[in-house]
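Report on the following structure.
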Amino acid sequence: MELVLGIETSCDETAAALVTRAGDVVGDAVHSQIKLHAPYGGVVPELASRDHLRNVRPVVQEAFKRAGVRPEQIDGIAVTCRPGLTGALLVGVQTAQGLSLALNKPIVGVDHLVGHLLAVFLRFPGVASDAPPSYPFVALLASGGHTALYRVNGPQLEDVKELGATRDDAAGEAFDKVAKLLGLGYPGGPVIDRLAKEGNPDTIDLPWPMRRRDSLEFSFSGLKSNMLRWVKDHGLPGDDQTLRDLCAAFQRRVVDTLIAKALVAAENEGIRTLVLAGGVAANRELRTRSAEQAAPLGIRVVVPPFKACTDNAAMIAYAGFSRLARGENDSGKLGTSPHSALPQSTRKGRGRRAEPARP
Ligand code: KG4
Ligand code: ZN
5 MELVLGIETS
15 CDETAAALVT
25 RAGDVVGDAV
35 HSQIKLHAPY
45 GGVVPELASR
55 DHLRNVRPVV
65 QEAFKRAGVR
75 PEQIDGIAVT
85 CRPGLTGALL
95 VGVQTAQGLS
105 LALNKPIVGV
115 DHLVGHLLAV
125 FLRFPGVASD
135 APPSYPFVAL
145 LASGGHTALY
155 RVNGPQLEDV
165 KELGATRDDA
175 AGEAFDKVAK
185 LLGLGYPGGP
195 VIDRLAKEGN
205 PDTIDLPWPM
215 RRRDSLEFSF
225 SGLKSNMLRW
235 VKDHGLPGDD
245 QTLRDLCAAF
255 QRRVVDTLIA
265 KALVAAENEG
275 IRTLVLAGGV
285 AANRELRTRS
295 AEQAAPLGIR
305 VVVPPFKACT
315 DNAAMIAYAG
325 FSRLARGEND
335 SGKLGTSPHS
345 ALPQSTRKGR
355 GRRAEPARP
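If you want it as structure tokens, here you go:
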């Protein structure tokens, strides 16, 4: 088991990648649907599925081309089967099953969240990477759909334990909603990141979201409401500097809350390695401030390369290795689910507790 093809279509990126057992990405291709969904300020599931269907074949072909590898040369296939938009997941799963049958190669379904947690092990040619962490580590996963802290004891789903999660919005979702409120377009993270860099986080007073030190749960909906109230009271920022300051104040609240809880989690677990994962891990302030705040505690922060933070198929290929290497094969029994298979410890909103873990 030396080379795995990964396929990812859970949300708004159609992606394929070829990855070695060591985590070297030998070829990858990502087709982003950002432009397609931008006019709506968020992902439209029906449009996403149709666009995956149009692009999945060229994207897989492009990954093989970039790797200079023929399909027969792979040893197995890993595909995101949960969590995600059902119509979107089905496109990737069916493509992967077709390839598995045609090439007579084993296939495994991967939980997208486990993919994000292992993205830190990926190495892209010509891109400097942090030395990989060793197990166990504590991970902060902050993306558009999920925000949670985990103890990661190994590469398998069973090795991952949730320590706390958001009760409402994910961190990336907060970035996206606030950007929409301020008329900054979609996705919000990168644009707020850029504007915040030129702003002063201390000129506008906003409350801190769920700062209680003893809780590892997050809540970002209150901060979002406060941003809405600020705009109602003051109107949309009339000048560029106020907009930058507002972005800086919002981002500082989110980033420092994420870091504070992640460091408490690491200390509680007696673990000296903190891994950042998910789209929000691409945030420059989160990357620099987490390292600064962790260093005095003797905690090392390890971040994935930028392009491994947001959705990609290399992390899915890498996450599939351990099961493929054990000879497991989901051929003929691969289903999809909108929910992660990771057991959840935090009750979100007033809804029911998430489904128990399933194989
Ligand atoms: O991991 P990802 O690509 O997709 C999900 O699995 O959700 O994460 C996308 C999220 C979006 O909410 C986006 O606004 C956010 O990650 N994001 C960022 C940055 N880049 C992407 N948030 C803050 N700063 C960034 N630089
Ligand atoms: Zn993701």
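Using my numbering, the final residue of the sequence shown is 363, and nothing's skipped along the way. Every residue, glycine too, gets a C-beta built ideally from N, C-alpha and C.
message: If the criterion is Cβ atoms closer than 9 Å, does the pair V268 and L220 meet it?
response: yes
- request: Grab me the residues of V114's own chain with a C-beta within less than 8 Å of its C-beta, minus the 5 sequence neighbours each way, in chain order.
  value: G10, A82, V83, T84, C85, I320, A323 and G324
field: Whole-angstrom C-beta distance between P308 and A143, which should lie under 8 Å
entry: With a Cβ gap of about 11 Å, A143 and P308 do not count as contacting.
task: Using DSSP bridges, identify the partner residues of T151.
output: A146
query: So is Q255 buried or exposed if we call it buried at 16+ other beta carbons inside 10 Å?
result: buried
query: Should I78 go down as buried or exposed, given a rule of 16 or more other Cβ atoms within 10 Å for buried?
result: buried
- prompt: Residues with a Cβ closer than 5 Å to any heavy atom of the ligand ZN, in chain order?
  reply: S147 and D315
- request: May I have a chain-ordered list of the alpha helix (DSSP H) segments no shorter than 4 residues that lie completely inside the segment 303-352?
  value: 310-313 and 318-329
field: Sequence-distant residues of the same chain with beta carbon closer than 8 Å to L94, five excluded per side
entry: S53 and T340
Cutoff 9 Å: W212 Cβ touching any chain B Cβ: The structure shown contains no chain B, having only a single protein chain.
- prompt: Helix, strand or coil: how does DSSP classify P363 here?
  reply: In this prediction, P363 scores a pLDDT of 43, lower than 50, which makes its location untrustworthy; the coordinate-derived value is nonetheless stated afterwards. Coil.
task: With hydrogens ignored, establish whether the beta-carbon of H56 is closer than 8 Å to any heavy atom of the ligand KG4.
output: no
query: Closest to I364 by CA distance: which of G192, D173, R257 and A174 is it?
result: Lying before the first or after the last residue shown, residue 364 is absent from the chain, which here runs from 5 to 363.
- prompt: Of the choices G91, D180 and L328, whose alpha-carbon is the least far from that of A42?
  reply: D180
Reference T18; option with closest CA among T99, D28, D249 and K165: T99
task: Report the rounded CA-to-CA distance for Q37 versus Q297, giving the unit in angstroms.
output: 35 Å
- prompt: Buried or exposed: S104, going by 16 or more other Cβ atoms within 10 Å of its Cβ?
  reply: buried
- prompt: Would you say the beta carbon of S14 comes nearer than 8 Å to a heavy atom of the ligand KG4?
  reply: yes
message: For a test of the three-state rule: what should DSSP assign to I81, helix, strand or coil?
response: strand
task: Measure the C-alpha to C-alpha separation of A329 and G158 and round it to an integer number of angstroms.
output: 14 Å
query: So S219 is in the beta strand (DSSP E); what residue range does that whole segment cover?
result: From DSSP, S219 is part of no beta strand (DSSP E); its letter is neither H nor E.
Beta-carbon proximity of R217 to V259, cut-off 9 Å: no
message: At the level of alpha carbons, what is the spacing between S138 and E271?
response: 17 Å
query: First and last residue of the alpha helix (DSSP H) that includes D260?
result: D244 to E273
- prompt: How would you label P300, buried or exposed, when you count the other beta carbons within 10 angstroms and need 16 or more for buried?
  reply: exposed
S326 versus R155, G192 and R25, residue with shortest Cα-Cα distance: R25
task: Take T13 and list the residues in its own chain whose beta-carbon comes closer than 6 Å to its own, dropping the five residues that flank it on each side.
output: H56, A92, V95 and G96
query: Assuming H116 and G88 make a contact with CB atoms under 8 Å, what is their CB distance in whole Å?
result: 6 Å
- prompt: Is there at least one non-hydrogen atom of the ligand COA closer than 8 Å to the beta-carbon of E202?
  reply: Because the ligand COA does not appear in the structure shown, any question about it cannot be addressed here, the ligands present being the ligand KG4 and the ligand ZN.
message: For a minimum of 4 consecutive residues, which ranges assigned as the alpha helix (DSSP H) are wholly contained in the segment 37-106?
response: 38-41 and 49-71
message: I'd like the list of long-range same chain contacts for E66, defined as Cβ closer than 6 Å, with 5 residues on each side in sequence excluded.
response: A33
query: Does the Cβ of G302 have 16 or more other Cβ atoms within 10 Å, making it buried, or fewer, making it exposed?
result: exposed
- prompt: So L167 is in the beta strand (DSSP E); what residue range does that whole segment cover?
  reply: V164 to A169
message: According to DSSP, simplified to helix, strand and coil, what is A123?
response: helix
- prompt: If you draw a straight line from the alpha carbon of Q29 to that of A71, how long is it in whole angstroms?
  reply: Checking the displayed sequence, the identity of residue 29 turns out to be Val instead of Gln. Going by the C-alpha atoms only, they are around 9 Å apart.
- prompt: Three-state secondary structure (DSSP) at D237?
  reply: helix
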